[in-house]
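*Asks:*
In the working numbering, the protein residues as written are 357 to 818.
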């Protein structure tokens with residue numbers, strides 16, 4: 357071996373020794389950057405409707421321009437009126453309504469925005485409109501916790517929302533539950549609730565590959581890492597006898613078990629909480645499913661906590677027509693003014709007709725329709741209401757798996773309450789049941805308690 361070979365070998369040995377002594381270091385960089393297509397998402401694609409465009413912020417944060425960076429909140433006057441009717445119907449049936457309406461991601465985490473995006477976002481106007489919405493809800497005699505106080509979080513407070521997802525973190529759920537409990541303590545009807553002691557403890561990690569991250573991947577083809585935060589579970593401090601909960605939570609996927617919102621409510625309210633939310637559904641679907649359930653018909657809760665992930669869906673007119681009728685249990689205990697039965701095979705079939713024994717003055721929301729299908733798994737049903745002047749209203753009933761029962765008030769908005777009901781036709785949706793359906797139309801005011809509650813109240817007063 358010549359001298360040059362020895363020198364090369366010695367150099368390699370020294371280099372190998374240096375590698376063993378000092379392992380390499382790596383500079384962590386952001387994995388992704390939004391492409392131009394993310395600025396205007398295709399609303400026809402699954403999961404992208406309503407997002408508008410994505411905004412890339414600091415520290416891996418993503419925002420929806422349409423939902424997170426909005427400055428307008430609240431409902432139209434008609435929807436406030438119907439929400440008040442819903443609250444009153446629940447109250448007449450012994451239930452107080454508490455609405456949980458959290459601030460948007462932009463309101464709480466607007467400090468994560470890049471300077472240019474922060475300048476475009478009118479956060480001051482958004483704060484003012486959000487606070488005004490909470491105040492308007494309180495004027496309807498709905499219990500509303502002061503979630504605007506979340507906007508004044510101290511530096512170092514754990515994130516309320518996930519970076520790339522529109523769900524709150526368990527830490528955000530815990531802060532919300534504290535404020536809910538502060539408000540609920542002022543409800544006189546809750547003073548006699550069964551009391552218990554509960555504690556929440558860390559329990560593994562909650563990982564999210566968020567809705568906004570998935571939207572970015574669809575638009576740009578880039579993936580984002582899952583974000584992990586501390587999870588929690590709530591347990592009673594002492595073994596407790598089986599007690600039926602007088603507090604029921606209905607809400608969006610924010611109320612899913614992973615975020616432990618129901619558990620934190622138990623901890624701070626000091627009473628059992630039944631979680632009737634839908635992990636894969638919205639807050640309106642969850643409320644409808646609960647109001648249509650046998651559990652609700654059997655016993656109304658003292659407090660209904662309704663968690664809203666977005667108030668826009670509260671401007672759906674037909675939601676109230678179904679929900680208020682469900683609070684009163686449809687036509688149960690009421691005489692049928694019209695009734696009929698039909699099969700669903702062969703397209704549209706008339707099931708109710710006003711005129712066989714003279715025309716009845718059936719007008720407005722004091723009248724409701726109850727439909728019952730033989731097949732309980734039917735989730736969609738088409739219906740056409742015809743009025744004496746020839747006007748028609750076409751509806752699509754949609755419901756999760758349940759008892760095959762659909763309820764509806766007649767319309768009262770605009771001039772609809774001046775129109776006399778003539779007929780109802782129904783039609784099965786493609787792939788739906790071809791069995792039979794029965795229908796009843798009755799008169800039942802929304803400010804009356806359900807028949808079984810009126811009987812119980814009369815007995816208690818005698």
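We treat Cβ as the ideally placed atom computed from N, Cα and C, and that holds for glycine.
Which residues in the same chain as residue 624 place their Cβ atom closer than 6 Å to its Cβ, once the five residues preceding and following it in sequence are excluded?
*Replies:* Translated into the one-based positions of the chain shown, residue 624 becomes position 268. Within the same chain, and ignoring the five residues on either side of residue 624 in sequence, the residues whose Cβ sits closer than 6 Å to its Cβ are 533, 534 and 537.
*Asks:* Just the Cα atoms here: how many angstroms apart are residue 299 and residue 647?
*Replies:* Any answer about residue 299 is impossible in this case: the structure gives the chain only from 357 up to 818.
*Asks:* Are residue 795 and residue 700 closer than 8 Å when you measure CB to CB?
*Replies:* For this step, residue 795 is matched to residue 439 along the chain shown. For this step, residue 700 is matched to residue 344 along the chain shown. No, the Cβ-Cβ distance between residue 795 and residue 700 is not below 8 Å.
*Asks:* Is there a C-beta anywhere in chain B that falls below 8 Å from the one on residue 680?
*Replies:* This model lacks chain B altogether; it includes just one protein chain.
*Asks:* Quick one: grab the DSSP three-state call for residue 372.
*Replies:* Residue mapping note: residue 372 aligns to position 16 of the chain shown, counting from 1. In this predicted model, residue 372 has a pLDDT of only 39, less than 50, meaning its place in the structure is not dependable; the value taken from the coordinates is given anyway. Residue 372: helix per DSSP, three-state reduction.
*Asks:* Less than 6 Å between C-beta atoms, sequence neighbours within five positions excluded: which residues of the same chain meet that for residue 695?
*Replies:* Working through the chain shown from its first residue, we reach residue 695 at position 339. Result list for residue 695: 796, in chain order.
*Asks:* Suppose contacts are defined by Cβ-Cβ distances below 8 Å. Is residue 583 in contact with residue 563 by that definition?
*Replies:* Residue numbering aside, residue 583 sits at position 227 when the chain shown is read from its first letter. Residue numbering aside, residue 563 sits at position 207 when the chain shown is read from its first letter. Their beta carbons are under 8 Å apart, which means residue 583 touches residue 563 by this criterion.
*Asks:* Report the start-end ranges of each alpha helix (DSSP H) in the segment 540 to 617 that is 4 residues or longer and not cut off at the edges.
*Replies:* 567 to 576
*Asks:* Here's a check: name, in chain order, each residue in its chain whose Cβ is nearer than 6 Å to the Cβ of residue 656, leaving out the five neighbours to either side.
*Replies:* Position 300 of the chain shown, counting from 1, holds the residue named residue 656. Within the same chain, residue 656 has close Cβ partners 449, 450 and 451.
*Asks:* For residue 402, which residues of its own chain have a beta-carbon under 8 Å away from its beta-carbon, when the five flanking residues on both sides are left out?
*Replies:* For the purposes of this step, residue 402 is identified with residue 46 of the chain shown, where counting begins at 1. Annotation for residue 402: no residue places its beta carbon closer than 8 Å to its own, counting only its chain and skipping 5 residues before and after.
*Asks:* For residue 805 and residue 761, I'd like the C-alpha separation in whole angstroms.
*Replies:* Looking up residue 805 in the chain shown gives position 449. Looking up residue 761 in the chain shown gives position 405. Those two C-alpha atoms are separated by around 20 Å.
*Asks:* Alpha carbon to alpha carbon, how far is residue 735 from residue 541? Give it in angstroms, no decimals.
*Replies:* The residue labelled residue 541 in the question sits at position 185 within the chain shown. The residue labelled residue 735 in the question sits at position 379 within the chain shown. C-alpha separation (whole angstroms): 39 Å.
*Asks:* Would you kindly report the start and end of the unbroken alpha helix (DSSP H) that includes residue 438?
*Replies:* On the chain shown, position 82 is the one that residue 438 refers to. Unbroken alpha helix (DSSP H) run through residue 438: 433 to 448.
*Asks:* With H, G and I counted as helix, E and B as strand and the rest as coil, what does DSSP make of residue 800?
*Replies:* By one-based count along the chain shown, residue 800 stands at place 444. If DSSP states are grouped into helix, strand and coil, residue 800 belongs with coil.
*Asks:* First and last residue of the alpha helix (DSSP H) that includes residue 416?
*Replies:* What you label residue 416 is simply residue 60 of the chain shown in a count that begins at 1. Looking at the DSSP string, residue 416 is not in any alpha helix (DSSP H), and its letter there is neither H nor E.
*Asks:* Taking Cβ positions, are residue 394 and residue 409 nearer each other than 8 Å?
*Replies:* Numbered from its first residue, the chain shown carries residue 394 at position 38. Numbered from its first residue, the chain shown carries residue 409 at position 53. Contact: yes.
*Asks:* Within its chain, find whatever has a CB closer than 6 Å to the CB of residue 744; leave out the 5 residues flanking it on each side and keep chain order.
*Replies:* Here residue 744 refers to the residue found at position 388 of the chain shown. The beta carbon of residue 744 sits closer than 6 Å to the beta carbons of 776 and 778 from its chain, once the five residues preceding and following it are set aside; these are given in chain order.
*Asks:* If I follow the unbroken beta strand (DSSP E) through residue 462, where does it start and stop?
*Replies:* By 1-based counting over the chain shown, the position of residue 462 is 106. Premise fails: residue 462 lies in the alpha helix (DSSP H), 461 to 465, not in any beta strand (DSSP E).
*Asks:* Please look up how many angstroms separate the CB atoms of residue 552 and residue 596, rounded, as I've assumed it's under 8 Å.
*Replies:* Position 196 of the chain shown, counted from the first residue, corresponds to residue 552. Position 240 of the chain shown, counted from the first residue, corresponds to residue 596. That belief holds up - the Cβ atoms of residue 552 and residue 596 are roughly 6 Å apart, short of 8 Å.
*Asks:* Could you pull the DSSP bridge partners for residue 748 from this structure?
*Replies:* Here residue 748 refers to the residue found at position 392 when the chain shown is read from its first residue. Residue 748 pairs with 742.
*Asks:* Starting from residue 323, follow its DSSP beta bridges and name the residues at the other end.
*Replies:* Since the first residue shown for the chain is 357 and the last is 818, residue 323 is missing from the structure and cannot be characterised.
*Asks:* If you pair each beta-carbon of the segment 659 to 666 with each one of the segment 604 to 615, do three or more pairs fall below 8 Å?
*Replies:* As far as the Cβ criterion goes, the segment 659 to 666 touches the segment 604 to 615, which means the pair count is three or higher.
*Asks:* Any chance you could list the beta strand (DSSP E) runs of at least 3 consecutive residues sitting entirely within the segment 639 to 720, in chain order?
*Replies:* Listed in chain order, they are 659 to 663, 692 to 699 and 705 to 709.
*Asks:* On the CB-based measure, 16 or more other CB atoms within 10 Å of its CB, does residue 568 come out buried or exposed?
*Replies:* Stepping through the chain shown from its first residue, residue 568 is reached at position 212. Label assigned to residue 568: buried.
*Asks:* Return the chain-ordered list of same chain residues with a C-beta closer than 6 Å to the C-beta of residue 800, the five sequence neighbours on each side being excluded.
*Replies:* To locate residue 800, count along the chain shown from 1; it is residue 444. Excluding positions up to five away in sequence, the list reads 684, 690 and 724.
*Asks:* Could you tell me which of 509, 680 and 652 sits nearest to residue 441, measuring between CA atoms?
*Replies:* If you number the chain shown from 1, residue 441 lands on position 85. Just measuring C-alpha positions, the residue of 509, 680 and 652 sitting nearest residue 441 is 680.
*Asks:* Around the Cβ of residue 522, are there at least 16 other Cβ atoms within 10 angstroms (buried) or fewer (exposed)?
*Replies:* For this step, residue 522 is matched to residue 166 along the chain shown. The residue in question, residue 522, is buried, as its Cβ has 16 or more Cβ neighbours within 10 Å.
*Asks:* Using a 10 Å radius around the Cβ and a threshold of 16 neighbouring Cβ atoms, would you call residue 658 buried or exposed?
*Replies:* Position 302 of the chain shown, counting from 1, holds the residue named residue 658. It is buried - the Cβ of residue 658 has at least 16 other Cβ atoms within 10 Å.
*Asks:* Helix, strand or coil for residue 479 per DSSP?
*Replies:* The count along the chain shown starts at 1 and reaches residue 479 at position 123. The answer is helix: DSSP assigns residue 479 an H, G or I state.
*Asks:* Please say whether residue 697 and residue 707 have beta carbons closer to each other than 8 Å?
*Replies:* To locate residue 707, count along the chain shown from 1; it is residue 351. To locate residue 697, count along the chain shown from 1; it is residue 341. Yes.
*Asks:* DSSP three-state label for residue 364, please.
*Replies:* As a position in the chain shown, residue 364 is number 8, starting the count at 1. At residue 364, the pLDDT of 40 sits below 50, so the modelled position is not reliable; the number obtained from the coordinates is stated separately. Residue 364: helix per DSSP, three-state reduction.
*Asks:* If contacts are defined as beta-carbon pairs under 8 Å, then residue 825 and residue 412 qualify, I think. What distance do you get, rounded to the angstrom?
*Replies:* The first residue shown for the chain is 357 and the last is 818, placing residue 825 beyond what the model contains.
*Asks:* Candidates 713, 482 and 438: which alpha carbon is nearest residue 672's?
*Replies:* Here residue 672 corresponds to residue number 316 of the chain shown, with the count starting at 1. Answer by Cα proximity: 438.
*Asks:* Could you check the C-alpha separation between residue 705 and residue 752 for me, to the nearest Å?
*Replies:* Locating residue 705 in the chain shown gives position 349, where the first residue counts as 1. Locating residue 752 in the chain shown gives position 396, where the first residue counts as 1. Approximately 15 Å between the Cα atoms of the pair.
*Asks:* Please classify residue 593: is it buried, with 16 or more other beta-carbons within 10 angstroms of its beta-carbon, or exposed?
*Replies:* Position 237 of the chain shown, counted from the first residue, corresponds to residue 593. When all chains shown are included, residue 593 counts as exposed.
*Asks:* Over what stretch of residues does the beta strand (DSSP E) that includes residue 781 continue unbroken?
*Replies:* To locate residue 781, count along the chain shown from 1; it is residue 425. For residue 781, the enclosing beta strand (DSSP E) stretches over residues 777 to 784.
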